[in-house]
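Data block below; observations after.
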Amino acid sequence: DAKTTQPPSMDCAEGRAANLPCNHSTISGNEYVYWYRQIHSQGPQYIIHGLKNNETNEMASLIITEDRKSSTLILPHATLRDTAVYYCIVLISIQWGNTPLVFGKGTRLSVIA
Amino acid sequence: GAGVSQSPSNKVTEKGKDVELRCDPISGHTALYWYRQRLGQGLEFLIYFQGNSAPDKSGLPSDRFSAERTGESVSTLTIQRTQQEDSAVYLCASSSYLASETQYFGPGTRLLVL
């Protein structure tokens, strides 16, 4: 079962920041927070991940609360192409092993012109 | 560089037939994953490979499903005696511990069982 809770849907005006929340109150100390998105009819796409520090890359920023029980994915200037289902996933990262992703239902983000 | 590729992109088959789905991971990626996504549903984990070994087969829905990987590269997912409930998009992903184990997905194979 997914260890995360996300709102089922959100709208965002084009050009504005999209802030997608995720609750993971049972996260363990060695579990990372990963974000993927799935644009219609495509495979999931990696966005960003973090452990406890805030992270930023060319796609998004990830803000993790100090107690690590929740996080927010920020798309700073949403475009119509950002319309997708966004998945927040907690995952143990083991150096010499790999762990399958457990997808919840995600948040369907609709960017509106 | 080349991403994960899957073939065929679409497959229509009759109930009871066997199908083989192929995944070509990113070169050098040691881990390979298969997921299934039914229409309007989330992704379900099926199986993963570390090298050519499959440590976790718990997600395979029945003994009609099997998978193999050779040369730490190509993987084949086989569904025997297909049923209509097997209709779904089958997605493959690969990862490398050198890339923080981020999983990169292919475009999927859309399977329709009539």
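Going line by line, the protein sequences match chains F and X.
All letters in the first sequence, in the order written, are residues -6 to 106 by our numbering.
All letters in the second sequence, in the order written, are residues 15 to 128 by our numbering.
Heads up, the beta-carbon is just placed ideally off N, CA and C, and yes, glycines get one too.
Residue i burial status per 10 Å Cβ neighbour count (16 or more: buried)
{"i": "Q55(X)", "result": "exposed"}
{"i": "Q31(F)", "result": "buried"}
{"i": "D75(F)", "result": "buried"}
{"i": "S67(X)", "result": "exposed"}
{"i": "N1(F)", "result": "Inspection of the sequence shows that residue 1(F) is occupied by Pro rather than by Asn. P1(F) is exposed by the Cβ-count criterion."}
{"i": "V83(F)", "result": "buried"}
{"i": "T49(F)", "result": "exposed"}
{"i": "L13(F)", "result": "buried"}
{"i": "G99(F)", "result": "buried"}
Within chain F, the residues that residue i reaches when beta carbons sit closer than 8 Å
{"i": "Y118(X)", "result": "Y39"}
Given residue i as reference, the closest of the options once Cα atoms are compared
{"i": "E86(X)", "options": "I40(X), R78(X), V33(X), T27(X)", "result": "I40(X)"}
{"i": "L46(X)", "options": "T92(X), S19(X), Y62(X)", "result": "Y62(X)"}
{"i": "R50(X)", "options": "T123(X), L128(X), V127(X)", "result": "T123(X)"}
Partner residues on chain F for residue i, Cβ-Cβ distance less than 9 Å
{"i": "L125(X)", "result": "Simply none; closest approach about 14 Å."}
Beta-carbon neighbours of residue i, restricted to chain X and to distances below 9 Å
{"i": "Q35(F)", "result": "F119, P121, G122"}
{"i": "G97(F)", "result": "G56"}
Assumed close pair residue i, residue j - CB separation to whole angstroms, cut-off 8 Å
{"i": "G8(F)", "j": "A71(F)", "result": "7 Å"}
{"i": "T19(F)", "j": "K(-4)(F)", "result": "6 Å"}
Chain-ordered chain F contacts of residue i [CB-CB under 7 Å]
{"i": "L105(X)", "result": "G36"}
Give the residues from the segment 43 to 69 of chain X that approach chain F closer than 7 Å (Cβ to any Cβ), ordered along the chain.
Those would be A45, Y47, G56, L57, F59, Y62, Q64, in chain order.
When you check each C-beta in the segment -5 to 20 of chain F against every C-beta of chain X, which residues fall closer than 7 Å?
Result list empty, no residue passes.
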